[in-house]
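Data first, discussion second: the structure below is written as C-alpha cells.
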Amino acid sequence: MKKHTLLLFKNRRPGECVFLEEYRRQGGYTALAKALKQMDPAAVRDAVKASGLRGRGGAGFPTGVKWSFFPSEQPGQKYLVCNGDEMEPGTYKDRQLLEADPHQLVEGMILAAYAMQIPTGFIFIRYAYRQAMHNLERAIAEAAQAGLLGQNILGSGFSFDLHVHGSAGRYILGEETALLNGLEGKRANPRSKPPFPAVRGLFDKPTTVNNVETLANIPHIIQGGADWFAGLAYTEKGAGTKLYGLSGHLERTECHELPIGITLGDLITEYGGGVWKGRAFKACLPGGASTPFLTAEHLAVPLDYEALEQVGSRLGTGGVTVFDDHTCMVAATLNLNRFFARESCGWCTPCRDGLPMVSWLLEKIEKGQGNMDDLDMLRGQVRNINGRSFCALATGAMGPVESLLRLFEEELVDHIRRGRCPLAN
Amino acid sequence: MAPELLSPQKLEEFRKRVTRLEHPRELVIDVLRAIQEEYGWVPDEGVVLTASLLGLSPLQVEEIATFYDKIFRQPVGRRVIHVCDSICCWSRGSEGIVRHLQDRLGIALGETTADGAFTLLPTCCLGACGQAPAMMIGFTLYGHLDAQKIDAILAAERTGGTP
Numbered sequence: 001m002k003k004h005t006l007l008l009f010k011n012r013r014p015g016e017c018v019f020l021e022e023y024r025r026q027g028g029y030t031a032l033a034k035a036l037k038q039m040d041p042a043a044v045r046d047a048v049k050a051s052g053l054r055g056r057g058g059a060g061f062p063t064g065v066k067w068s069f070f071p072s073e074q075p076g077q078k079y080l081v082c083n084g085d086e087m088e089p090g091t092y093k094d095r096q097l098l099e100a101d102p103h104q105l106v107e108g109m110i111l112a113a114y115a116m117q118i119p120t121g122f123i124f125i126r127y128a129y130r131q132a133m134h135n136l137e138r139a140i141a142e143a144a145q146a147g148l149l150g151q152n153i154l155g156s157g158f159s160f161d162l163h164v165h166g167s168a169g170r171y172i173l174g175e176e177t178a179l180l181n182g183l184e185g186k187r188a189n190p191r192s193k194p195p196f197p198a199v200r201g202l203f204d205k206p207t208t209v210n211n212v213e214t215l216a217n218i219p220h221i222i223q224g225g226a227d228w229f230a231g232l233a234y235t236e237k238g239a240g241t242k243l244y245g246l247s248g249h250l251e252r253t254e255c256h257e258l259p260i261g262i263t264l265g266d267l268i269t270e271y272g273g274g275v276w277k278g279r280a281f282k283a284c285l286p287g288g289a290s291t292p293f294l295t296a297e298h299l300a301v302p303l304d305y306e307a308l309e310q311v312g313s314r315l316g317t318g319g320v321t322v323f324d325d326h327t328c329m330v331a332a333t334l335n336l337n338r339f340f341a342r343e344s345c346g347w348c349t350p351c352r353d354g355l356p357m358v359s360w361l362l363e364k365i366e367k368g369q370g371n372m373d374d375l376d377m378l379r380g381q382v383r384n385i386n387g388r389s390f391c392a393l394a395t396g397a398m399g400p401v402e403s404l405l406r407l408f409e410e411e412l413v414d415h416i417r418r419g420r421c422p423l424a425n
Numbered sequence: 426m427a428p429e430l431l432s433p434q435k436l437e438e439f440r441k442r443v444t445r446l447e448h449p450r451e452l453v454i455d456v457l458r459a460i461q462e463e464y465g466w467v468p469d470e471g472v473v474l475t476a477s478l479l480g481l482s483p484l485q486v487e488e489i490a491t492f493y494d495k496i497f498r499q500p501v502g503r504r505v506i507h508v509c510d511s512i513c514c515w516s517r518g519s520e521g522i523v524r525h526l527q528d529r530l531g532i533a534l535g536e537t538t539a540d541g542a543f544t545l546l547p548t549c550c551l552g553a554c555g556q557a558p559a560m561m562i563g564f565t566l567y568g569h570l571d572a573q574k575i576d577a578i579l580a581a582e583r584t585g586g587t588p
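These protein sequences, in sequence, are chains A and B.
The first sequence maps to residues 1 to 425 in my numbering.
The second sequence maps to residues 426 to 588 in my numbering.
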C-alpha cells in the first residue's frame with residue numbers, strides 16, 4: 001500500500017468527533033489566521049485557482065474559476081452556501097467528514113467568504129444527517145465564542161455569520177438552484193440559468209454554492225500552498241486528495257481519503273478487500289448513481305476527472321459502487337432509474353415523462369417481456385432526454401442507461417431472446 | 426389530551442426569529458419540522474399555523490409540505506421506518522429486507538401497523554452506503570441489516586429500548 005497524506009480525514013477516529021480544542025491542537029484555524037493576517041482576498045482566490053481544486057460535489061468544475069466569476073468587489077449582501085444535501089446513492093463522504101471533523105468545513109467557509117468578501121453563509125444539510133447537523137451547530141457556536149466567526153474575525157475587520165439550514169429530504173435539492181429555492185422556503189424546482197447564482201442567487205443576491213468536501217479542502221490549500229496541494233495527486237492533471245466511498249459487492253465498504261488518480265483496481269483490491277464472496281468484478285459506478293458504468297477493462301484507469309471522461313464516465317462524487325458477476329445489469333440500471341424517476345421534481349417533460357418511460361422499458365426487458373424494438377426505444381429515450389432537461393438530474397439519470405446499452409448490449413439482447421432474466425434465481 | 430402543534434415556548438421562539446429575519450419564509454421547513462416533531466405529522470392546522478407565522482398563504486406552505494418526503498401530511502405511526510431501496514442497499518439485499526419488514530409488521534409499504542407503532546416507507550439513499558442494507562427509524566440509523574437484526578431492532582423500538 002502506497003504511503004499518502006491525509007488532509008480531510010487526518011483527525012478522524014472511529015465513533016468520535018473533533019471539536020474546537022482538539023481541532024486547534026492539530027493545527028486548525030492556523031490557515032485562517034495566515035490568510036487574514038498575510039493575504040488579501042485576491043491572494044486567497046489565486047491560491048485556490050492555482051491549486052487546481054475541482055468541485056467535489058459531482059460536477060468537478062474548477063473551484064478557483066468558479067470563484068473568479070463572483071463579484072467579490074461588489075459591496076452589499078452576498079451569500080456563500082455550502083451544499084451538504086448529499087443524496088446521490090453511493091455517496092456518503094460528506095457525512096463521514098462532518099461527523100468526524102466539522103470545524104474543517106467552518107474554517108473552509110470562513111476562508112471562502114473572506115476570499116469573495118461575503119458576509120453571510122448557510123450550510124444546507126439533508127434531513128437524515130441529524131448528528132452532522134448537531135456537530136456543525138456546536139462547531140459554529142464554538143467558533144463564534146472564540147472570535148473566529150461573527151464580527152471582526154481575529155481583529156481583521158472581516159465579518160462573517162454562518163447558519164445551518166436543515167432540509168427535509170429530496171434529491172433535487174442537490175442541484176444548486178433548486179437548493180437556493182429550498183433555502184428561500186420555496187418549492188425546490190431548479191431555476192432557469194442564466195442568470196447564474198454568482199449574479200443572482202439566494203434572495204436575488206450574488207451567491208456561490210460549493211460542496212462540503214470542496215470547502216473543507218480550502219484550509220489545507222492555504223496552509224500548505226497551491227503547489228503542495230496539487231502535488232498530492234497521483235496524476236499530473238489531478239490535484240489533492242479525494243474521499244472515495246466504497247459500496248456494493250466488496251468485502252470492505254468504507255470511505256477512504258486517497259490521492260486523486262488512484263486506480264480503480266487498487267482502490268477495489270487494497271481498500272475494498274476485493275470483490276466479495278470470492279466472485280469476479282463485473283462493473284461499477286465510479287462516482288455515484290449518475291455516472292456511467294465501468295467494466296473490468298477499466299480497472300487500470302486512474303480515478304481522476306480527465307481519465308474517467310476519456311473512458312466515457314465521470315469521477316462524480318467519488319462514490320464507487322461495485323457489482324459482482326452475479327449481478328443483472330438490467331436490474332441494477334432499473335433500480336437506478338427508478339430512483340431518478342421518483343426524485344424528479346416533475347418540472348420538465350423529459351424528466352417527468354421520460355424517466356418513467358425508461359423505467360417501464362427496463363422493467364419490461366428485465367421481466368423477459370421486451371422485444372428488439374424496445375432497445376431502439378431505449379436509445380431514443382437516451383437521445384431525447386440527454387442534455388434536454390431543465391437541470392442535470394435527467395441527464396445524469398441517462399449515464400447508467402447509456403452505458404448499459406454501450407457496455408452490456410449482449411445482456412439486454414439475452415433477456416429478450418430468452419424471455420427471462422438470464423441471471424435470475 | 427391531544428398534543429399541541431407547537432409548544433408555547435417553540436411558538437414564541439419562532440415569532441422572535443421571524444421578526445429578526447429579512448426573509449421569514451426561509452423558516453418554513455424549520456416550522457414544519459418542529460410541528461412534526463411535536464405532533465407526529467403536519468395536519469391542515471399545521472399548514473395554516475405555519476402560514477400565519479411566516480406571512481404566507483396556506484397554499485404556499487402546502488406546496489412545500491407536500492414536496493418533501495420526510496414531511497408527513499397524513500398521520501403516521503409512533504415510529505416511522507425509512508427503509509432504503511437505492512442501488513447500494515439493493516446490491517446487498519434490500520429487497521429481502523423490505524419483504525422481511527413487511528412480513529414482521531404485517532403491512533405493505535406506505536401503511537401503518539394496527540397498533541399505531543410503525544409506519545413503513547421506502548426511502549432514497551440514506552447516506553449509509555457503506556453500511557448497506559440500511560434503514561432509519563426516526564433519526565436512528567441502522568445498518569448491515571439482516572432478518573435477525575431487524576427482529577431485535579423492532580422489538581427494542583416497540584419498548585423504547587436499545588437493540
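Every residue, glycine too, gets a C-beta built ideally from N, C-alpha and C.
Quick caveat, the model's predicted, so the values are computed rather than measured.
Any chain B beta carbon closer than 8 Å to residue i
i: A:Glu184; result: yes
i: A:Lys10; result: no
i: A:Tyr244; result: no
i: A:Gly354; result: no
i: A:Leu336; result: yes
i: A:Gly166; result: yes
i: A:Phe203; result: yes
i: A:Met39; result: no
i: A:Cys328; result: no
i: A:Ser290; result: no
CA nearest to the CA of residue i, picked from the options
i: A:Lys3; options: A:Ala113, A:Ala394, A:Thr235, A:Pro259; result: A:Pro259
i: A:Gln96; options: A:Leu20, A:Glu254, A:Phe70, A:Ala233; result: A:Glu254
i: A:Glu363; options: A:Val106, A:Lys10, A:Val401; result: A:Val401
i: B:Ala557; options: A:Leu404, A:Thr321, A:Arg200; result: A:Thr321
i: A:Asp204; options: A:Ile221, A:Gly108, A:Leu183; result: A:Leu183
i: B:Gly502; options: B:Ser516, B:Ile522, B:Leu546, B:Glu470; result: B:Leu546
i: A:Gly147; options: A:Leu336, A:Phe122, A:Glu107; result: A:Glu107
i: B:Leu478; options: B:Arg440, B:Asp528, B:Glu520; result: B:Arg440
i: A:Leu407; options: A:Leu215, A:Leu285, A:Lys186, A:Asp266; result: A:Leu285
i: A:Phe340; options: A:Tyr171, A:Ile385, A:Phe69, A:Val413; result: A:Tyr171
i: A:Ala47; options: A:Val65, A:Pro194, A:Thr30, A:Gly58; result: A:Val65
Rounded Cβ spacing between residue i and residue j (contact assumed at less than 8 Å)
i: A:Gly370; j: A:Ile416; result: 5 Å
i: A:Leu111; j: A:Leu32; result: 6 Å
i: B:Thr475; j: B:Leu457; result: 6 Å
i: A:Glu213; j: A:Leu243; result: 6 Å
i: A:Leu250; j: A:Val275; result: 6 Å
i: A:Gly90; j: A:Met109; result: Rounded, the Cβ-Cβ distance is 26 Å, inconsistent with contact.
i: A:Asn11; j: A:Asp101; result: 5 Å
i: A:Lys367; j: A:Thr327; result: So it is not a contact: roughly 17 Å between Cβ atoms.
i: A:Leu154; j: A:Ile140; result: About 16 Å separates the two Cβ atoms, so there is no contact after all.
i: A:Ile426; j: A:Leu53; result: Shown here, chain A extends from 1 to 425; a query on residue 426 of chain A therefore has no answer.
i: B:Asp494; j: A:Gly169; result: 5 Å
i: B:Cys549; j: B:Cys513; result: Rounded, the Cβ-Cβ distance is 11 Å, inconsistent with contact.
i: A:Ile262; j: A:Leu299; result: Contact doesn't hold; Cβ gap of about 12 Å is too wide.
Contacting residues, own chain, Cβ-Cβ under 7 Å from residue i (five flanking each side not counted)
i: B:Arg504; result: Ala542, Phe543, Ile562, Gly563, Glu582
i: A:Glu142; result: Phe19, Leu20
i: B:Ile532; result: Thr538, Leu545
C-beta neighbour in chain A for residue i, strict 8 Å
i: B:Ser516; result: yes
i: B:Arg488; result: In the sequence as presented, Arg is not what sits at residue 488 of chain B; that position holds Glu. Chain A, which has a Cβ nearer than 8 Å to the Cβ of B:Glu488, makes this yes.
i: B:Phe497; result: no
i: B:Met405; result: Within the shown structure, residues of chain B are numbered from 426 to 588, placing residue 405 of chain B beyond reach of any answer.
i: B:Met426; result: The pLDDT assigned to B:Met426 is 48, lower than 50, so where the model puts this residue is not dependable; a value taken from the coordinates is nonetheless given after this. No, because no Cβ of chain A sits closer than 8 Å to the Cβ of B:Met426.
i: B:Gln493; result: Before going further, note that residue 493 of chain B is Tyr rather than Gln in the sequence given. Yes, B:Tyr493 counts as interfacial toward chain A.
8 Å Cβ shell around residue i - same chain, five flanking residues per side excluded
i: A:Leu179; result: Val81, Asn83, Asp85, Phe124, Leu173, Ala188, Val209
i: B:Pro433; result: none
i: A:Cys421; result: Cys328, Val330, Ala331, Glu366, Lys367, Gly368, His415
i: A:Gly55; result: Phe61, Pro62, Thr63, Lys66, Asn210, Asn211, Thr214
Contacts around residue i, its chain only, beta-carbon distance under 6 Å, and the 5 residues preceding and following it disregarded
i: B:Glu487; result: Val472
i: A:Ala42; result: none
i: A:Pro437; result: In this structure chain A extends from 1 to 425, so residue 437 of chain A is not present and cannot be described.
i: A:Leu36; result: Leu154, Ser156
i: A:Asp325; result: Arg279, Ala280, Lys282
Q) In chain order, which beta strand (DSSP E) runs of at least 3 residues are fully inside the segment 75-100 of chain A? A) 79-84
Q: Mind listing, in chain order, the continuous alpha helix (DSSP H) runs of no fewer than 4 residues lying wholly within the segment 162-235 of chain A?
A: 176-183, 212-224, 226-230
Q. Along the segment 429-450 of chain B, what residues have a CB closer than 9 Å to any CB found in chain C?
A. Considering every chain present, this structure includes no chain C. Its protein chains are A and B.
Q: Quick one: which unbroken alpha helix (DSSP H) runs of 4-plus residues sit fully inside the segment 15-77 of chain A? Chain order, please.
A: 20-25, 30-38, 41-51, 63-68
Q. In chain order, which continuous runs of the alpha helix (DSSP H) of length 4 or greater are located wholly inside the segment 319-350 of chain A?
A. 329-343
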